[in-house]
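Below is one structure; the comments refer to it alone.
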Ligand code: SF4
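Residue numbers (our numbering): 958 to 1426.
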């Protein structure tokens, strides 16, 4: 397939195709499918920032749904990924670290950095790298810990000048001892915008333009990476985001407002109001019960919102308070009541099981809370339940994760109690692997290579390899 035909096969708007001649070629890789990766704002933003530099050409690669023997080629020009000067991975989910190994293998590149003497420079960043860069440091020449914005210019200059990127602040190698003080923090989010720039039909949230309006969260729940690994909580101002929203409005009528605690944005009413006056619909990615005012709910309903999402995490106030989540059952119920009165009929609630100190009664309280809300508001309720994973850099980093068998028992108890609620639960074995990867580093690199090399494997088989001495 010729280069132009190859990129057209994706039926995208906004694809950037540049001549390679005399430029540094960056292969920007999301180590999961096109569908998931095209909903990732780091990919959109890095693509735009890199390509804005006249000395750089940046092309994307996503993992195909079926891993084949075909060599990985970029979307834009069908160029072999292995021929790029730089391969840059963005990792936002721990288990995708295995796909980094797989992609390097598919390129014919030795996955361990120490085994390489030639070939592209391999770098990585993303949310996981912000709290556990050593999960992937063995496979990379350098990993960026934290936000990209403060170092993006220096990184591009180093690549163009072919200097050592490991010298850049926040860059971690296998030699580096992790010190969270070195994590890069973009103090002024207004300087660079993070939003969708390539539009396609085959992506999660394909009907929306997405824009990050805040990073971090002011609430500090003890288990939460969004709060503790992306401190301090910061917002992008109304004036700074509007030009990007106007640009996105040419392609999509629905605008997804992205961030950990979007409804707390100090200008959220002004943003939603302005979007509506432009004929666009605001869609906040996260909501907090106390912040769901009648005014905000009215604006969201005018924009077509038919459902709200809340995250009580625990079924009662005692466990919630212990986890640092300060929201009462009354506040949750009255937020749902206000939503119902505004014309919203359904609520999705997120819970976590396995929190430190949790008892069976705490799990039964999840059911009681959902029953109370349905009874007092008349709303339809669906619930998602995940399993507590201690994450590095959070106050609960050293807490114990519940065993897989215990997690199954707790989830079974929850399932047996729930009535009239659509419940989706996390797979306990997958959570166990995620727990190992969240806290694992160079010592599991060889096991990760073994798993990646074996090809398709069940979670039980993966756990057997990970527990080998
Ligand atoms: S409110 Fe949500 S995003 Fe904020 S710290 Fe708590 S769990 Fe994290």
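A virtual CB, placed ideally from N, CA and C, is assigned to each residue, including glycine.
Buried versus exposed call for residue 1227 [16 or more other C-beta atoms within 10 Å across all chains shown]
exposed
Residue 1156: beta carbon under 7 Å from a heavy atom of the ligand SF4?
Proximity of the beta carbon of residue 1156 to the ligand SF4 is not indicated: no heavy atom of the ligand is located closer than 7 Å.
The region 1205-1222 in contact with the region 1146-1163 per 3-pair CB rule at 8 Å:
yes
According to the neighbour-count rule (16 or more other Cβ atoms, all chains shown, within 10 Å of its Cβ), is residue 1047 buried or exposed?
Looking at its Cβ environment, which holds 16 or more other Cβ atoms inside 10 Å, residue 1047 is buried.
By a C-beta neighbour count over all protein chains shown, 10 Å radius and 16 as the cutoff for buried, is residue 1277 buried or exposed?
buried
I'd like to confirm something about residue 1176: is its beta-carbon nearer than 7 Å to some heavy atom of the ligand SF4, or not?
yes
So is the beta-carbon of residue 1181 under 7 Å away from any non-hydrogen atom of the ligand SF4?
yes
Just list the residues that DSSP pairs residue 1167 with in beta bridges.
1213
Same chain, Cβ closer than 7 Å to residue 1189, neighbours up to 5 away in sequence not counted:
1173
Per DSSP, which one or two residues make a beta bridge with residue 1270?
1308
For a test of your reading of the model: does the CB of residue 1282 fall under 7 Å from any non-hydrogen atom of the ligand SF4? Yes or no.
yes
Limits of the unbroken beta strand (DSSP E) element including residue 983
Where residue 983 is concerned, the enclosing beta strand (DSSP E) stretches over 981-987.
Measuring alpha carbon to alpha carbon, tell me which of 1002, 1383, 1356, 1191 ends up nearest residue 1143.
Nearest option by C-alpha distance: 1191.
Have a look at 1363, 1291, 1259 and flag the residue whose alpha-carbon is nearest the alpha-carbon of residue 1427.
Nothing can be reported for residue 1427, as the shown portion of the chain is limited to 958 through 1426.
For the region 1272-1303, which segments carrying the alpha helix (DSSP H) assignment without a break, of at least 4 residues, lie completely within its bounds, in sequence order?
1274-1279, 1286-1299
What's the C-alpha gap between residue 1301 and residue 1234?
21 Å
For residue 1314, collect the residues of the same chain with a Cβ closer than 8 Å to its Cβ; drop the 5 residues on either side in sequence, then sort them by chain order.
1276, 1279
Can you tell me whether residue 1005 is buried or exposed, with buried defined as 16 or more other CB within 10 angstroms of its CB?
buried
For residue 978, the residue or residues it bridges with in DSSP
Its beta-bridge partners do not exist; DSSP assigns none.
Could you spell out where the beta strand (DSSP E) holding residue 1337 opens and where it closes?
1337-1344
Please determine, among 1253, 1325, 979, 1259, the residue with the shortest C-alpha to C-alpha distance to residue 1287.
Measuring from the Cα of residue 1287, the nearest candidate turns out to be 1325.
Identify which residue in 1410, 1409, 1076, 1404 has its Cα closest to the Cα of residue 1424.
1404
Residues near residue 1319 by beta carbon distance below 7 Å, same chain, minus five either side:
1271, 1272, 1273, 1276
Bridge partner(s) assigned by DSSP for residue 1156
DSSP output for residue 1156 lists 970 as bridge partner(s).
For residue 1180 and chain B, any beta-carbon pair shorter than 8 Å?
Of the protein chains in this structure there is only one, and it is not chain B.
Residue 1116 versus residue 1343 - alpha carbon distance:
40 Å
How close, in whole Å, do the beta carbons of residue 990 and residue 1020 come, if the pair is a contact with beta carbons under 8 Å?
6 Å
Cα-Cα separation between residue 1081 and residue 1130, rounded to whole angstroms:
11 Å
So residue 1471 packs on residue 1007, CB below 8 Å; how close in whole Å?
Because the chain is modelled from 958 through 1426, residue 1471 falls outside the range shown and cannot be assessed.
Does the region 978-985 touch the region 1031-1043, meaning 3 or more C-beta pairs lie closer than 8 Å?
yes
Taking all protein chains shown into account, decide if residue 1426 is buried (16 or more other Cβ within 10 angstroms of its Cβ) or exposed.
Here residue 1426 is exposed. Its C-beta has fewer than 16 other C-beta atoms within 10 Å.
DSSP on residue 1045, reduced to helix/strand/coil?
Residue 1045 sits in a strand when the DSSP states are folded into three classes.
Could you pull out every unbroken beta strand (DSSP E) segment of at least 3 residues lying fully inside the region 1197-1261, listed in chain order?
1211-1215, 1238-1241
Please determine if the region 1375-1394 and the region 1344-1351 are in contact, where contact requires at least 3 C-beta pairs separated by less than 8 Å.
yes
Going by DSSP in three states, residue 1187 sits in which element: helix, strand or coil?
coil
Between the region 1017-1034 and the region 1160-1177, are three or more C-beta pairs nearer than 8 Å?
no
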